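Below is one structure, written out as structure tokens; the observations come after it.
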Amino acid sequence: MRILLTGSAGFIGFHTAKALLARGDEVVGLDNFSPYYDPQLKEDRNAQLKKEENFTLIRGSILDRKTVAKAMKGVDRICHLAALAGVRYSFEHPEEYIATNIQGFFEVLDEAQKQQVPGLIYASSSSVYGGNTEIPFKESDRTDDQLSLYGMNKKDNELMAHTYHHLYGLPVTGLRFFTVYGPWGRPDMALFLFTDAILHGRPINVFGHGKMQRDFTYVDDIVAGIVASIDKNYPEEVFNLGCGRREELMDYIKMVEAACGREAKKNFMPMQPGDVVTTDADISRARKMLGYEPKTMIREGVPKFVAWYREYYDL
Ligand SMILES: NC(=O)c1ccc[n+]([C@@H]2O[C@H](COP(=O)([O-])OP(=O)(O)OC[C@H]3O[C@@H](n4cnc5c(N)ncnc54)[C@H](O)[C@@H]3O)[C@@H](O)[C@H]2O)c1
Numbered sequence: 582m583r584i585l586l587t588g589s590a591g592f593i594g595f596h597t598a599k600a601l602l603a604r605g606d607e608v609v610g611l612d613n614f615s616p617y618y619d620p621q622l623k624e625d626r627n628a629q630l631k632k633e634e635n636f637t638l639i640r641g642s643i644l645d646r647k648t649v650a651k652a653m654k655g656v657d658r659i660c661h662l663a664a665l666a667g668v669r670y671s672f673e674h675p676e677e678y679i680a681t682n683i684q685g686f687f688e689v690l691d692e693a694q695k696q697q698v699p700g701l702i703y704a705s706s707s708s709v710y711g712g713n714t715e716i717p718f719k720e721s722d723r724t725d726d727q728l729s730l731y732g733m734n735k736k737d738n739e740l741m742a743h744t745y746h747h748l749y750g751l752p753v754t755g756l757r758f759f760t761v762y763g764p765w766g767r768p769d770m771a772l773f774l775f776t777d778a779i780l781h782g783r784p785i786n787v788f789g790h791g792k793m794q795r796d797f798t799y800v801d802d803i804v805a806g807i808v809a810s811i812d813k814n815y816p817e818e819v820f821n822l823g824c825g826r827r828e829e830l831m832d833y834i835k836m837v838e839a840a841c842g843r844e845a846k847k848n849f850m851p852m853q854p855g856d857v858v859t860t861d862a863d864i865s866r867a868r869k870m871l872g873y874e875p876k877t878m879i880r881e882g883v884p885k886f887v888a889w890y891r892e893y894y895d896l
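Each residue of the sequence shown is one higher than the one before, counting from 582 in my numbering.
Right under this line is the structure:
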């Protein structure tokens, strides 16, 4: 297949591109190397992809309709991952979030409909569950109690996709990712921040006084779910993609400490606005309909990240 992958220089996009190229698909990447975090990391991911014969990069923004239209020509699927992805950053830059995550999503969706692309798979998030207290989170739970602008953006994307499917029959699959981690991970996420601080002897900030729980998902498992969704191309679906188990934040930190070979100095802090105490995915729907089966638990996944971090930063 020929696949348009937006956000190809991003963390999940990079791993998805590698998997698609490895099985023989042609990948057209679209990314604007947004400066939201160190663009060098994006350049380095992209340098790996450039070595592949079936990879083409279009350097541009999803907000530019002409670029989107050109990138979409003749594709069999769109995998739309480009977004501003941090919950906390959305408080500081609301206008950028509305532009990229809502207007940008619209440009991709509307052009997909105009060009009658056979299928669109897009990134949603566990954040759409917001204030939901029913654990584990099921796709059928209500998702109208948004706690952050980012969560609201992703919920809006699901509604927009639903409307386009209803009006024009565009096949759409939304994937609610749960705290994805792994090599080449994002510098604004906990695992990166913890590893970086511990290895440089700085204290780590532990929010929610360490009483939070997260469903942490290894990036290769997420990619398997994305690829299965591309292949199944259901008419209209939303799936949770998590590991399917919740881990205590303090246990996660212990694993980072073990992998770094040092104990962290910890600053215990209150919850941050927009954060939730627990995330936990019910993944039975993805298991049944996508054959999704997470394979990497945090005890194997965390050391893989730390090993990558040491190598990349030459520590
Ligand atoms: N990583 C997670 O834990 C997680 C969890 C839930 C949902 N998600 C979603 O998954 C997707 C990928 O996340 P990620 O962790 O790889 O983030 P990332 O920031 O590493 O990747 C996003 C990519 O999109 C690009 N981008 C941003 N604005 C753009 C624009 N206007 N035009 C073109 N490209 C643009 C960025 O340059 C970046 O390379 C996002 O939609 C995110 O919201 C991620």
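From the three backbone atoms N, C-alpha and C, an ideal C-beta is built for every residue, glycine too. Please read these numbers as outputs of a predicted model, since none were measured by experiment.
- Here the C-alpha atom of K885 lies approximately 16 Å from the C-alpha atom of I593.
- Of the other Cβ atoms in all chains shown, fewer than 16 fall within 10 Å of the Cβ of T714; this residue is therefore exposed.
- For S707, same chain residues with a beta-carbon under 8 Å away, outside a window of 5 residues either side, are F718, R757, F758, F759, T760, D796, N821, G823, T860 and A862 in chain order.
- In the displayed model, C841 falls within a helix according to three-state DSSP.
- Taking every protein chain shown into account, the CB of P875 has 16 or more other CB atoms within 10 angstroms, so this residue is buried.
- Nearest to H661 by alpha-carbon distance, out of G711, L638, G610 and Q629, is G610.
- DSSP places D625 in the uninterrupted alpha helix (DSSP H) bounded by P620 to K631.
- Distance from the Cα of Y873 is smallest, within the candidate group E892, R843, E828 and I811, for I811.
- Secondary structure at R795: strand, using DSSP grouped into helix, strand and coil.
- Uninterrupted beta strand (DSSP E) stretches at least 3 residues long and entirely within the segment 648 to 726 occur at 658 to 661 and 701 to 706, given in chain order.
- By the neighbour-count criterion, in which a residue is buried when 16 or more other Cβ atoms sit within 10 angstroms of its Cβ, N848 is exposed.
- Its chain contains Y799, D801 and D802 as the residues whose beta carbon lies nearer than 7 Å to that of T877, once the 5 sequence neighbours on both sides are disregarded; these appear in chain order.
- In this model, D619 and A590 are separated by some 12 Å (Cα to Cα).
- When only Cα atoms are considered, Q684 and V819 end up about 21 Å apart.
- Of all alpha-carbon atoms in K632, D777, V753 and L830, the one lying nearest the alpha-carbon of I807 is that of V753.
- For R880, the three-state secondary structure derived from DSSP is helix.
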